Amino acid sequence: MKKTLITLLICFSFLLLMDHNANAVPILNLNNNHYYEVVSMGIGSSISWADARDVAAAASYNSLGGHLVTITSDAERDWINATWPANQSLWFDTSNPLWNHWIGAFQETQPLGQSDPTANWQWVTGEAWGYENWYRTEPNDNAGSTRDIEDNEENYGAFVPLNQWFDYGGWNGPGYMIEYDIPVGNGGNVVPEPTTMLLFSTGFLGALLRRRRV
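Take the sequence shown: its position 76, counting from 1, is numbered 219 in our numbering, and each next residue is one higher.
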């Protein structure tokens, strides 16, 4: 029984390390001391805006809780563009690491027949909405009722050309960006990081081995 448990713990620790390295380690923005992480689902996988929001809100890194990224200034935009550069000569650049990745912008649902694509946009954090970086004619509710089964509108923000924003429906996208800036214990999420879980499982394994030698 002990051998089986030890084997399972070793496998669990290995899987945690693999998961932690599946995407790049969060990068620190020295301008605001927030960490940012791009999570790409991989070939053949995708995620809805709502699911990305929930996963980001359950994440933590370096004792900071996460959320879908909120971009509220030129300085923050410029740092993201420098860190994950897009090809400035291409409009449809699917090689852009942020292409179609969800951000923390959403539009409050409006009654049918009263839709204004530019109205009632909000950030998932509740930060004041003011700064915008929409691409050309966006937001525009261009997909209409054929794409978003939830509310018949494009109510969710995503990166697209040149790391600017499109409004999209709630369908699945290839990934999302997390911003870590909420101190855990002050409204943040107390979710063990993979490294923490690895240390815990390793310590537990060591305790079992010591007990066995006694």
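Note that the Cβ used here is the ideal one computed from N, Cα and C, for glycine as well.
Just so it is clear, the structure is predicted and the values come from calculations on it, not from any experiment.
Residue i vs residue j beta-carbon contact at 9 Å
i	j	result
Val182	His244	yes
Met320	Val168	no
Asn224	Pro304	no
Ala200	Gly209	yes
Thr226	Asn172	yes
Ile214	Tyr274	yes
Leu207	Tyr323	yes
Asn358	Tyr179	This structure does not reach residue 358, given that the chain is present from 144 up to 357, and the question cannot be answered.
Met184	Gly313	no
Three-state secondary structure (DSSP) of residue i
i	result
Asp310	strand
Ala193	helix
Val169	Note on identity: in this sequence residue 169 is Pro, with Val being the wrong assignment. Correct three-state label for Pro169: coil.
Pro282	coil
Pro317	coil
Glu297	coil
Asn332	Since pLDDT at Asn332 reaches only 42, below the 50 mark, its modelled position is unreliable, and the value read off the structure follows with that caveat. Coil, per DSSP.
Residue nearest to residue i in terms of C-alpha spacing, selected from the options
i	options	result
Phe309	Asn298, Arg220, Gly318, Leu207	Asn298
Gly269	Ile325, Pro260, Tyr278, Trp314	Ile325
Asn285	Thr261, Asp194, Ser206	Thr261
Ile170	Ala195, Trp192, Trp222, Ser189	Trp222
Val327	Ile246, Ser203, Gln265	Ser203
Val267	Trp192, Gly185, Ile186	Trp192
Ile246	Asp194, Pro228, Asp259, Ile186	Asp194
Ser216	Glu281, Phe302, Trp272, Thr280	Trp272
Distance between beta carbons of residue j and residue i, contact taken as under 8 Å
i	j	result
Ala248	Gly300	3 Å
Asn174	Arg220	With a Cβ gap of about 11 Å, Asn174 and Arg220 do not count as contacting.
Leu241	Asn306	6 Å
Gln250	Asn230	In fact, because the Cβ distance is near 28 Å, the residues do not count as touching under 8 Å.
Ordered list of alpha helix (DSSP H) runs contained in the region 198 to 275, each at least 4 residues: 217 to 226
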